[in-house]
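Colleague: Numbering (this note's numbering), first residue to last: 230 to 620. All residues carry an ideal CB built from backbone N, CA and C; glycine is no exception. After the C-alpha cells below, expect a handful of questions from me.
Shown next as C-alpha cells:
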C-alpha cells in the first residue's frame, strides 16, 4: 500500500464536508423538532449491540447487512446496527416497559456491510418514528400523517404515497399450505409481477382453483384507489383480506382529506418487508423523479422475544439519499475581525464582549486568520469602540 492509499475510504463510505454536512444536520434537527412536537420522545440507541438482540424481530432480515465483531470482554458476537428500528423496538419492550402507548423517535447513522443499489451509502443517516402499543387504524393514520408532515417540513412537497397490506398475501398463501420452496417461488413471481409464470406456478401447485385465482389477481391489484373495489369482489368471503382492503380504503380516504395535494396509489403485490410486516405497508416517493423518500409499515408482536409482544407501526427517512432534493439552507453571515496593534486591556475586553454579543445574534465570527473565508462583514476598532461594517 502506497502513501496515497492511506487516505482511501471503503466503497460506499464518504466524508460529509461543508456545506453538505451542515445541510444534513439542519434537516436532522428539523425532523427531531417535528417528531417531538407530535409527542414522540427522542431516543439514542448505541452504535454496538449483541447480535442476539440486533437480529430479532424486525432485524432478522439484516443478517447479511450487519458487520459483526467479537466482544473482547465477553467473547460474544456483536454487530454494528444496519437499521435503528430493531433497537428502538428493544427499548420499548425492555427499557421502557409501559403497558400503554410509547411514541419514540430517533436520528442517526447506521452501518451496512454493502450498499443498497449501485450508488447507495454504506453509512446512511436515518431519522424515523415508531409507535408501540396501538394496533388501531388511528395509529396507522397518525404515523403516516407524521411521515408526510415530516417530508413537508424539509420542503419536499411533491409526494406520492403507495400503500399495500402484506396480510392479504399472507392469508392466501397460508390457505394454500405450500412447501416453503414453492411459496418462495410464488412470492418472487408476485414481486416481479410475472403474471404468466405466476399462473403456471399456481396451476401446478395450488389445488383450490378459486384460491389460485385470488393469488393470480395480486399483481393486477395495483393503481388508483379504484382497485380496492375489484379487490373487494375478488376476496369476497375472506374476512382477513376484506378487513385489509377496508383498512386501506379508510386510510386513503382520510389521507386524501388531510393532504389534498398528495397523490396516492395501492399495490397489493408489494411485499417488501414481508418477513416482519404484519399489515399496512407504505412508501413515499417524489412525484417527479420517482425516488424513494420514506417508507414504513406495521409490524405487530414486535418485542415478543424480549418478553412483550407489542403492536407497532413506524417509518424512517434516509436523509443521506435526499441531500440533492433538500432545499439549500441559509448560512449565518460570516464576520472577520480587524487587528489592532498593541491593544490595551480595555480594548481586548470590549472586543470579547462584542464577539459574544454577535455570536449570540447568530453571526459566525472568526477572530483569527480568515484566509480562504469570504466574510461579508468586518469588525473594526474605530479608536473608541468596536464597529461592525460591511466589507
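For the beta strand (DSSP E) containing residue 595, name the first residue and the last one.
Modeller: As a working note, residue 595 is residue 366 in the chain shown. Looking at the DSSP string, the run of the beta strand (DSSP E) that includes residue 595 is 593–595.
Colleague: Assuming residue 494 contacts residue 452 (C-beta within less than 8 Å), just tell me the rounded distance between them.
Modeller: As a position in the chain shown, residue 494 is number 265, starting the count at 1. As a position in the chain shown, residue 452 is number 223, starting the count at 1. At roughly 6 Å, the Cβ-Cβ gap stays under 8 Å, so residue 494 and residue 452 are in contact.
Colleague: Going along the chain, which residues of its own chain have a beta-carbon closer than 6 Å to the beta-carbon of residue 464, five neighbours each way excluded?
Modeller: Position 235 of the chain shown, counted from the first residue, corresponds to residue 464. The residues are 470, 471.
Colleague: Keeping to the same chain, check which residues put their C-beta closer than 8 Å to that of residue 369; ignore five residues upstream and five downstream.
Modeller: Counting from one through the chain shown, the residue named residue 369 turns up at place 140. Only 476, 480, 508, 509, 527, 542 meet the Cβ criterion.
Colleague: Can you give me the C-alpha to C-alpha distance between residue 395 and residue 367, rounded to a whole angstrom?
Modeller: Against the chain shown, residue 395 aligns to sequence position 166. Against the chain shown, residue 367 aligns to sequence position 138. Using only the alpha carbons, I get a separation of about 19 Å.
Colleague: Does DSSP put residue 616 in a helix, a strand or coil?
Modeller: As a first step, residue 616 must be located in the chain shown, where it is residue number 387. Of the three classes helix, strand and coil, the one that applies to residue 616 here is strand, per DSSP.
Colleague: Could you pull out every unbroken beta strand (DSSP E) segment of at least 3 residues lying fully inside the stretch 336–391, listed in chain order?
Modeller: Runs of the beta strand (DSSP E) inside the stretch 336–391: 354–361.
Colleague: Taking its Cβ as the centre, do 16 or more other Cβ atoms sit within 10 Å of residue 294, making it buried, or is it exposed?
Modeller: Within the chain shown, the letter at position 65 stands for residue 294. The residue is buried, with at least 16 neighbouring Cβ atoms inside 10 Å.
Colleague: Is it true that the CB of residue 523 sits closer than 7 Å to the CB of residue 376?
Modeller: Translated into positions along the chain shown, residue 376 becomes position 147. Translated into positions along the chain shown, residue 523 becomes position 294. Yes; because the gap between Cβ atoms is below 7 Å, this pair is in contact.
Colleague: Distance check for residue 387 and residue 483, CA to CA, integer angstroms please.
Modeller: The sequence position of residue 483 within the chain shown is 254, counting from 1. The sequence position of residue 387 within the chain shown is 158, counting from 1. Spanning the two alpha carbons is a distance of roughly 18 Å.
Colleague: Using CA atoms only, rank isn't needed, just tell me which of 442, 407, 500, 340 is closest to residue 417.
Modeller: In the chain shown, the residue the question calls residue 417 occupies position 188. Closest by alpha carbon: 500.
Colleague: State yes or no: is the C-beta of residue 297 within less than 7 Å of the C-beta of residue 284?
Modeller: Your numbering for residue 297 matches position 68 in the chain shown. Your numbering for residue 284 matches position 55 in the chain shown. No, the Cβ-Cβ distance between residue 297 and residue 284 is not below 7 Å.
Colleague: What residue range does the beta strand (DSSP E) around residue 492 cover?
Modeller: In the chain shown, residue 492 corresponds to position 263, counting from 1. Its beta strand (DSSP E) spans residues 492–496.
Colleague: Considering only C-alpha positions, which residue in the set 255, 317, 392 is nearest to residue 450?
Modeller: Locating residue 450 in the chain shown gives position 221, counting from the first residue. With distances taken between Cα atoms, residue 450 lies closest to 392.
Colleague: Can you tell me whether DSSP reads residue 314 as helix, strand or coil?
Modeller: Against the chain shown, residue 314 aligns to sequence position 85. Helix at residue 314.
Colleague: Per the DSSP calculation, residue 541 is bridged to which residue(s)?
Modeller: Sequence index remark: in the chain shown, residue 541 carries index 312 (1-based). 361.
Colleague: Roughly how many angstroms separate the alpha carbons of residue 602 and residue 561, rounded to a whole number?
Modeller: Looking up residue 602 in the chain shown gives position 373. Looking up residue 561 in the chain shown gives position 332. In a straight line, the C-alpha of residue 602 is about 13 Å away from that of residue 561.
Colleague: Does the Cβ of residue 612 have 16 or more other Cβ atoms within 10 Å, making it buried, or fewer, making it exposed?
Modeller: In the chain shown, the residue the question calls residue 612 occupies position 383. Classification for residue 612: exposed.
Colleague: Kindly indicate which residue of 598, 616, 404 has the alpha-carbon position closest to the one of residue 199.
Modeller: The displayed coordinates of the chain run from 230 to 620. Any statement about residue 199 would go beyond what the structure contains.
Colleague: For the beta strand (DSSP E) that residue 509 lies in, which residues bound it at each end?
Modeller: Taking the first residue of the chain shown as 1, we reach residue 509 at position 280. Where residue 509 is concerned, the enclosing beta strand (DSSP E) stretches over 509–515.
Colleague: Curious, which full-length beta strand (DSSP E) runs of at least 3 residues does the stretch 258–313 contain?
Modeller: Runs of the beta strand (DSSP E) inside the stretch 258–313: 296–299, 306–309.
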